[in-house]
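Student:
Residue numbers (full-length UniProt numbering): 1 to 344.
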């Protein structure tokens with residue numbers, strides 16, 4: 001865990017951060033015009049409902065398991081933005097009674113990679129709700145998740161006066177070539193992608209917004225070995241007791257107000273945290289990488305997907321000396337990848 005003092009911002013710095021937050025809210029308000037409501041079932045949201053927000057495109061194969069996983073965890077309602085799917089995702093979601101669905105035909109890149117659309121929905125529907133914001137290939141693991149529903153965690157966070165809960169992205173992968181085992185629609189992806197890197201991570205602190213910046217793992221060593229500083233960030237704050245004054249700055253890596261990013265103990269102790277098991281490395285990955293390269297709607301002119309495409313040419317086996325087979329959350333805590341903090 002990180003140890004060190006938190007950098008304080010002065011009055012001018014605080015004012016600039018407030019302006020930045022207002023600009024993010026304004027972007028969301030303007031981009032709302034790119035969204036068309038296809039199924040607005042938000043009238044079913046209760047005052048204590050746990051919500052989930054996501055943006056997707058052509059993820060039909062993943063949706064049955066994704067929805068089932070988070071329903072079983074305790075999510076009550078899904079707010080989903082479909083960015084022009086052509087694979088039946090939209091039709092499938094329209095048939096789900098706990099899903100409110102919007103079609104966004106605008107540019108994923110120009111909407112801050114979907115976050116402007118999500119910001120509008122969060123401000124309108126998520127105020128005072130515990131809200132998960134994840135991708136459809138991310139699955140939250142938290143302390144005691146096998147025996148305690150998500151509401152047990154959010155109740156404890158409420159009682160403790162904690163407004164945000166962090167999770168490290170843990171890239172999961174199979175042993176052997178990524179495309180050796182076909183993934184079937186509705187299947188648990190971790191029947192195939194059972195392995196993760198138990199070490200090989202770097203951490204530094206972003207002084208401006210106070211969050212930790214994690215990098216490494218299989219993507220760092222396999223696809224960004226020559227440019228480790230450009231490897232994808234592995235830190236996220238996916239679970240927040242939302243307030244309409246909040247806004248994500250960069251995906252779900254960090255938020256404003258900056259206090260929501262202080263999800264570690266600056267005095268050397270441990271705060272409760274989780275992991276997002278990341279099911280990117282299935283046999284569907286190569287097709288997805290090619291599609292995203294053609295669309296060029298991702299960060300830095302799709303630099304990340306260019307690295308994936310080049311790396312996939314050699315049909316890599318991501319398994320290495322740091323690989324460990326996933327068992328449960330306690331294993332991840334022992335390895336120092338997550339913590340139950342003082343939640344007993």
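Beta carbons: idealized from backbone N, C-alpha and C, even for Gly.
Among the residues of its own chain, which have a CB less than 8 Å from the CB of residue 72, if the five just before and after it don't count?
Tutor: Position 72 of the chain shown holds residue 72. Contacts found: none.
Student: Please give the ranges of any alpha helix (DSSP H) in the segment 15-84, keeping only runs that are unbroken, at least 4 residues long and fully inside the region.
Tutor: Taking 4 residues as the shortest admissible run, the segment 15-84 contains the following complete alpha helix (DSSP H) segments, listed from N- to C-terminal end: 63-73.
Student: Beta-carbon within less than 6 Å of residue 229's beta-carbon, same chain only, minus the 5 sequence neighbours each way: which residues are those?
Tutor: On the chain shown, position 229 is the one that residue 229 refers to. Taken in chain order, the list of residues that qualify is empty.
Student: For residue 254, report the span of its beta strand (DSSP E) as first-last.
Tutor: Along the chain shown, read from residue 1 onward, the residue named residue 254 stands at position 254. It spans 254-256 - the beta strand (DSSP E) in which residue 254 sits, taken as one unbroken run.
Student: Residue 238 and residue 276: beta carbons closer than 8 Å?
Tutor: Here residue 238 refers to the residue found at position 238 when the chain shown is read from its first residue. Here residue 276 refers to the residue found at position 276 when the chain shown is read from its first residue. Yes; because the gap between Cβ atoms is below 8 Å, this pair is in contact.
Student: Using the C-alpha atoms, what's the distance from residue 263 back to residue 11?
Tutor: Here the question's residue 11 lines up with position 11 in the chain shown. Here the question's residue 263 lines up with position 263 in the chain shown. Spanning the two alpha carbons is a distance of roughly 23 Å.
Student: Among residues of its own chain, excluding the 5 on either side of residue 37, which ones have a beta-carbon nearer than 6 Å to its beta-carbon?
Tutor: Residue 37 sits at position 37 when you count from the first residue of the chain shown. Here the set comprises 102.
Student: Do you know how far the Cα of residue 66 is from the Cα of residue 350?
Tutor: The question about residue 350 has no answer here: the residues shown for the chain are numbered 1 through 344.
Student: Buried or exposed: residue 287, going by 16 or more other Cβ atoms within 10 Å of its Cβ?
Tutor: In the chain shown, counting from the first residue as 1, residue 287 sits at position 287. With fewer than 16 Cβ atoms within 10 Å of its Cβ, residue 287 is classed as exposed.
Student: Taking just the CA atoms, how far does residue 255 sit from residue 106?
Tutor: Locating residue 106 in the chain shown gives position 106, where the first residue counts as 1. Locating residue 255 in the chain shown gives position 255, where the first residue counts as 1. Approximately 24 Å, taken between the alpha carbons.
Student: Per DSSP, residue 131 forms a beta bridge with which residues?
Tutor: Along the chain shown, one-based indexing puts residue 131 at 131. 51 and 240.
Student: Excluding the 5 residues preceding and the 5 following residue 300 in the sequence, name in chain order all residues of the same chain whose CB lies nearer than 7 Å to its CB.
Tutor: Position 300 of the chain shown, counted from the start, is the residue given in the question as residue 300. In this prediction, residue 300 scores a pLDDT of 49, lower than 50, which makes its location untrustworthy; the coordinate-derived value is nonetheless stated afterwards. So the list is empty, once near-sequence residues are dropped.
Student: Do residue 141 and residue 329 have their C-beta atoms within less than 8 Å of each other?
Tutor: Indexing the chain shown from 1 puts residue 141 at position 141. Indexing the chain shown from 1 puts residue 329 at position 329. For residue 141 and residue 329, yes; Cβs fall inside 8 Å.
Student: Using only the alpha-carbon positions, how far apart do residue 128 and residue 181 sit?
Tutor: Sequence index remark: in the chain shown, residue 128 carries index 128 (1-based). Sequence index remark: in the chain shown, residue 181 carries index 181 (1-based). If I take the Cα positions, the gap works out to 42 Å.
Student: Since residue 203 sits in a beta bridge, which residues does DSSP pair it with?
Tutor: The residue given as residue 203 occupies position 203 in the chain shown. The secondary-structure analysis by DSSP pairs residue 203 across a beta bridge with 214.
Student: Just how far apart, CA to CA, sit residue 16 and residue 29?
Tutor: Taking the first residue of the chain shown as 1, we reach residue 16 at position 16. Taking the first residue of the chain shown as 1, we reach residue 29 at position 29. One C-alpha to the other measures close to 20 Å.
Student: Our contact map puts residue 130 next to residue 50 with C-beta atoms below 8 Å; I'd like the distance itself, whole angstroms only.
Tutor: Your numbering for residue 130 matches position 130 in the chain shown. Your numbering for residue 50 matches position 50 in the chain shown. That pair is a contact at about 5 Å.
Student: Going by other Cβ atoms of all chains shown within 10 Å of its Cβ, with 16 needed for buried, is residue 259 buried or exposed?
Tutor: If you number the chain shown from 1, residue 259 lands on position 259. It is exposed - the Cβ of residue 259 has fewer than 16 other Cβ atoms within 10 Å.
Student: Looking at the structure shown, is residue 4 part of a helix, part of a strand, or coil, going by DSSP?
Tutor: Locating residue 4 in the chain shown gives position 4, where the first residue counts as 1. Confidence at residue 4 is low in this model, with a pLDDT of 41, below 50, so its placement is unreliable and no value can be given for it.
Student: Would residue 5 be called buried (16 or more neighbouring beta carbons within 10 Å of its own) or exposed?
Tutor: Mapped onto the chain shown, residue 5 falls at position 5. With a pLDDT of 43 at residue 5, under the threshold of 50, the predicted position of this residue should be treated as unreliable, though the coordinate-derived value follows. It is exposed - the Cβ of residue 5 has fewer than 16 other Cβ atoms within 10 Å.
Student: Specify the secondary structure class of residue 223 as computed by DSSP and reduced to three states.
Tutor: Reading the chain shown from its first residue, position 223 is the one you call residue 223. Helix, per DSSP.
Student: Tell me whether residue 109 sits in a helix, a strand or coil according to DSSP, three-state version.
Tutor: Your numbering for residue 109 matches position 109 in the chain shown. In the structure shown, residue 109 sits in coil (DSSP, three-state: anything other than H, G, I, E or B).
Student: How long is the line joining the alpha carbons of residue 290 and residue 117, rounded to whole angstroms?
Tutor: Stepping through the chain shown from its first residue, residue 290 is reached at position 290. Stepping through the chain shown from its first residue, residue 117 is reached at position 117. If you draw a straight line from the Cα of residue 290 to the Cα of residue 117, it comes to about 25 Å.
Student: Where does residue 142 sit, in a helix, a strand or coil, going by DSSP?
Tutor: Along the chain shown, read from residue 1 onward, the residue named residue 142 stands at position 142. Coil.
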